[in-house]
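Trainee:
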Amino acid sequence: MSCPSLVPPGLRERKKLRTRRAILDAAYPLFAEQGFEATTVDQIAAAADVSTSTFFRYFPTKEDLVFSEDEAPHGPSLTEVLCARPAEEPPLTALRHAIRDSLAQARTQPGALERARQRMLLVAEVPSVRARLPEVMARSDRALAEALAERTGRPVDSLETRVLVGAVLGGFREALQYWATAERDTDVGELVDRALDTLTRQLSD
111 MSCPSLVPPG LRERKKLRTR RAILDAAYPL FAEQGFEATT VDQIAAAADV
161 STSTFFRYFP TKEDLVFSED EAPHGPSLTE VLCARPAEEP PLTALRHAIR
211 DSLAQARTQP GALERARQRM LLVAEVPSVR ARLPEVMARS DRALAEALAE
261 RTGRPVDSLE TRVLVGAVLG GFREALQYWA TAERDTDVGE LVDRALDTLT
311 RQLSD
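Numbering-wise (our numbering), the sequence shown opens with residue 111 and increments by one.
1. Taking the C-alpha atoms as reference points, what is the distance between Asp303 and Ile154?
2. Compute the Euclidean distance between the alpha carbons of Ala305 and Ala156, then round it to the nearest angstrom.
3. DSSP on Gly281, reduced to helix/strand/coil?
4. Helix, strand or coil for Phe146? Go by DSSP, reduced to three states.
5. Where Thr162 and Arg128 are concerned, what is the direct C-alpha to C-alpha distance, given to the nearest angstrom?
6. Whose CA, out of His207, Ser178, Leu309, Leu279, lies closest to the CA of Val191?
7. Mark Pro201 as exposed unless 16 or more other C-beta atoms lie within 10 angstroms of its C-beta, in which case mark it buried.
8. How should Phe166 be labelled, buried or exposed, when 16 other C-beta atoms within 10 angstroms of its C-beta is the threshold for buried?
9. Roughly how many angstroms separate the alpha carbons of Ala204 and Leu286, rounded to a whole number?
10. Residues in its own chain within less than 6 Å of Asp152 by CB, not counting five upstream and five downstream?
11. Quick check on the burial criterion: 16 or more other C-beta atoms within 10 angstroms. Buried or exposed for Pro183?
12. By how many angstroms is the C-alpha of Ser187 removed from the C-alpha of Met230?
13. Considering Cα atoms alone, identify which of Glu224, Asp174, Thr218 is closest to Arg294.
14. If distances are taken between C-alpha atoms only, which option among Ser268, Val236, Leu309, Lys125 comes closest to Val176?
Now the structure itself:
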């Protein structure tokens, strides 16, 4: 798989994205107020002003809704951001800047960072959400590994590619989890930088 082509969405796709956003925007306040398990699909659909069948066309389960942010309905995915980095950047540098660029873009989207915080809390607190995490991680890790392999010329399943992607994304996710559960008042970018600084030092020793 090569880097995705950043083709602007057509009218039909933009309408679908608006519906996805409406459902997401309706769901997270309900999760915060009532809890994930107490919030029903019918309640989310009503708050988003869509039918229950429409909800299920976009999200087969509530857990799919939680992890849909990884499919970037509000902007380019991390893989797309990595693909846009200069080709001459070393792999670790490119990955680090891609994560920073993704965070910067999230700051421009209303509610995106708060949803990220809520998602990490749901992963920590809700067993059915946590159970889906390995599947989601495997999918996102694979996409990023394919983009990195294209940049470096190494096989996507090479040890070097797998270790680099696993280490960087692991550090990124740990920083997000720490931000959501331990240091809510700290800027998430500072925590991600701390995590990546730690990783860079360790990989450079």
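Ideal Cβ positions, reconstructed from N, Cα and C, are used throughout, including at glycine. All figures in this text were calculated on a predicted structure; none of them were measured in a lab.
Mentor: Reading it off the structure:
1. 35 Å
2. 40 Å
3. helix
4. coil
5. 16 Å
6. For the residues His207, Ser178, Leu309, Leu279, the minimum Cα distance to Val191 belongs to His207.
7. Per the 10 Å Cβ criterion, buried.
8. exposed
9. 19 Å
10. Thr162
11. Per-residue confidence for Pro183 stands at a pLDDT of 41, beneath the threshold of 50, marking its modelled position as unreliable; the derived number appears in the next sentence. Under this definition Pro183 is a buried residue.
12. 18 Å
13. Glu224
14. Val236
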